[in-house]
Amino acid sequence: MTGLEGFSDWVLALLTRLFLYPGGVWLLVVLAGLRFACGGAATIRPTALATVLLKSSLPALSVAWAAISMLPLPGASALSAPIDRLALTALVLASLALDNHPDLREVAISASMALAVLSPLAQGDALLREVRPWEVSSVLSMLCVAVALLVLSNKVVLSLPGAVRWLSWLGLGFAPVLAGWGGHLLPGILGTSLVYATSIAILSTIGRLTSIHKPDKDWAIVTVAYGLAALSLLAALLGY
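Under my numbering, the first residue of the sequence shown carries the number 4, and numbering increases by one thereafter.
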């Protein structure tokens, strides 16, 4: 296969990802589900979606869309040159940097998630190393992402780029669970959809039923997220 043929195959697979799954049609459905779970039926009405879209940074939304489209989710078209977790994390952070109205709490909590999703890689010598589900570092990483997303769950109705970033972090942080459900227990897209639907339902419910979004508690939760990220990195360095 020539370099041009390889590039053509990569582009075709990427286009499928961008417009069908995990980006495109699938992402629109999951995004609507996230907004509904966090803000109710009013947030998925056409007028509400149009209003929030007009207020959104299109570059930030585009980069976040690209990030989730390139996630190594089960059932997605295989890229001839896989994207490593460092590049995917950088894309999500780039979307945040391009946003018109960055929230200080989102900036702080995103840094903790970036550390958490990259921590398990410290055990290996490659950025494409598979993250295994029951390693201590992987479990702590998932806990960090879950705690961090709780802080951001009340922001997803205010920002489309923020909502897509939320979904991207979920895919990066819950990669071991996604690999299990989407790779072995259930067919790819069905397993991925189940993990996303369950995670959205649980995290949005906890966010609604607790006072977790009060300003005086947000920073305490951010501190917990950083603690979990640091423990994940330490466990990875120790080989756990």
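Built from N, CA and C at the ideal position, the CB exists for glycine as well.
- Under the 8 Å Cβ criterion, the region 152-166 counts as touching the region 39-51, having at least three qualifying pairs.
- Spatial neighbours of L146 in its own chain (CB-CB distance under 7 Å, excluding positions within 5 residues in sequence) are listed in chain order as L231.
- In the structure shown, L82 falls within a coil segment according to DSSP collapsed to helix, strand and coil.
- Counting only residues of its own chain and dropping the five nearest sequence neighbours on each side, T201 has no CB closer than 8 Å to any other CB.
- The Cβ atoms of L74 and E109 do not sit closer than 8 Å to each other.
- Under the Cβ criterion (8 Å, minimum of three pairs), the region 92-100 does not count as touching the region 190-197.
- Contact between L173 and V148 is confirmed by a C-beta separation of about 7 Å, below the 8 Å threshold.
- By the CB criterion at 8 Å, L64 and V167 fall inside the cutoff.
- Shown here for G27: same chain residues with a beta carbon closer than 7 Å to its own, the five before and five after excluded, namely L21 in chain order.
- Secondary structure note for T92: its alpha helix (DSSP H) is the uninterrupted segment R88 to L101.
- In this structure, L89 and L17 do not form a Cβ contact; the two beta carbons are roughly 18 Å apart against a cut-off of 8 Å.
- Going by beta carbons, L76 and L181 fall inside the 8 Å limit.
- At the C-beta level, V120 and T92 come within 8 Å of one another.
- Straight-line measurement puts the Cα of L15 at about 42 Å from the Cα of D221.
- The DSSP-derived three-state label of T213 is coil.
- Sequence-distant Cβ neighbours of V55 in its own chain, meaning closer than 6 Å and more than five residues away, are L163.
- Proximity to Y229 across A117, L52, A178 and L107 peaks at A117, based on C-alpha coordinates.
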